[in-house]
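Per the numbering used here, residue 26 is the first one in the sequence shown, and the count goes up by one each step.
Below is one structure, written out as C-alpha cells; comments come after it.
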Amino acid sequence: MLLCSTGSMALQDVRGSVPLRLELCKRVKDATISFARSSGPGGQNVNKVNTKVLARLPLGAHSSVALPPPLIKSLATQSPLYIQATHALQVTSDRYRSQSQNIQDALYKLQAEIVRVASIGLQGETSVEQKKRVEMLQHREREKKRKAKQMRSMTKSNRRAKP
Numbered sequence: 026m027l028l029c030s031t032g033s034m035a036l037q038d039v040r041g042s043v044p045l046r047l048e049l050c051k052r053v054k055d056a057t058i059s060f061a062r063s064s065g066p067g068g069q070n071v072n073k074v075n076t077k078v079l080a081r082l083p084l085g086a087h088s089s090v091a092l093p094p095p096l097i098k099s100l101a102t103q104s105p106l107y108i109q110a111t112h113a114l115q116v117t118s119d120r121y122r123s124q125s126q127n128i129q130d131a132l133y134k135l136q137a138e139i140v141r142v143a144s145i146g147l148q149g150e151t152s153v154e155q156k157k158r159v160e161m162l163q164h165r166e167r168e169k170k171r172k173a174k175q176m177r178s179m180t181k182s183n184r185r186a187k188p
C-alpha cells in the first residue's frame, strides 16, 4: 500500500486566498515512529511482536517539517491529535497484525488530519442546478414582496376619501 503517489496537494487558504502547496508525502515521512506491543486478539503474535505504531510529527520551529504557520496554528487549535506538551501531532495504529501496515496506516492518519484541518472553511464550486434554483427562489421572493406592496398600497388608497 503506497501512501503517496501524487507527490503534492494544492489547497487554498481561505483567510489569505493563497494556494498552499502541501508536500505531505515528504513531510509526513519526517514523523518520529516508535513501536509498542499491541493489545487485543492475535494470539502469540501479540505477545512476541511490537506491532503497534506510535507516530509523532513535531510542529515546532526546530522540527524538519516546514508547514505554513497559519496551518500549524490551525492544527494546534483544531486537531484532536495535537499534543500541547510536545507541540506535535501524535497518532497510534494497531489495526493490522503487521508492523509495516500499521506504519502506513499511522502516516495516512497524520496526512488525513493535516488535509482535514487545512480544508476547513474551504467552499466547493456551486453547481449549475443549485445556481438556477437560488435564482428561481430569489425571483419568487421578489414577486411575493412586490405583490404584498401592491396589496398594501391598494388598502391605503381605498381608505382615502373619494371626491
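Beta carbons are placed, not taken as given, at the ideal position from N, Cα and C, and that holds for glycine.
Exercise. At which residue ranges does the segment 90-154 contain complete beta strand (DSSP E) runs of 3 or more residues, listed in the order of the chain?
Worked result: 113-118
Problem set entry | Residue environment, Asn-183, which counts as buried when at least 16 other CB atoms sit within 10 Å | exposed
Exercise. Under 8 Å, do Phe-60 and Gln-124 count as touching if we go by C-beta distance?
Worked result: yes
Problem set entry | Separation of Met-161 from Val-153, as counted between CA atoms | 12 Å
Exercise. Which two residues bound the contiguous beta strand (DSSP E) that contains Val-74?
Worked result: Counting along the chain, Val-74 falls outside any beta strand (DSSP E), and DSSP gives it neither H nor E.
Exercise. With DSSP run on the structure shown, which of helix, strand or coil describes Thr-180?
Worked result: helix
Problem set entry | Pair within 8 Å by beta-carbon distance, Arg-141 and Thr-111 | no
Exercise. Exposed or buried, what is Asn-127 when buried is set at 16 or more other beta-carbons lying within 10 Å of its beta-carbon?
Worked result: buried
Problem set entry | Nearest residue (CA-CA) to Leu-79, options Gln-129, His-164, Pro-93, Thr-102 | Gln-129
Problem set entry | Rounded straight-line distance, which links the Cα of Leu-106 to that of Ile-145 | 16 Å
For this session: Could you tell me which residues DSSP puts in a beta bridge with Gln-82?
Result: The sequence shown places Leu at residue 82, not Gln. Its beta-bridge partners are Leu-114.
Problem set entry | Start-to-end residues for the beta strand (DSSP E) that takes in Arg-64 | Correcting the residue type first, residue 64 is Ser in the shown sequence and not Arg. From DSSP, Ser-64 is part of no beta strand (DSSP E); its letter is neither H nor E.
Problem set entry | 8 Å Cβ cutoff, Glu-160 in contact with chain B | Included in the structure is just one protein chain, with no chain B present.
For this session: Compute the beta-carbon to beta-carbon distance between Asp-119 and Thr-76, rounded to the nearest angstrom, for a pair I have assumed lies under 8 Å.
Result: 7 Å
Exercise. Hey, would you say Ala-143 sits closer than 8 Å to Leu-96, going by beta carbons?
Worked result: yes
Problem set entry | As assigned by DSSP and simplified to three states, the class of Leu-47 | Note that Leu-47 scores a pLDDT of 44, beneath 50, so its modelled location is shaky and nothing firm can be said.
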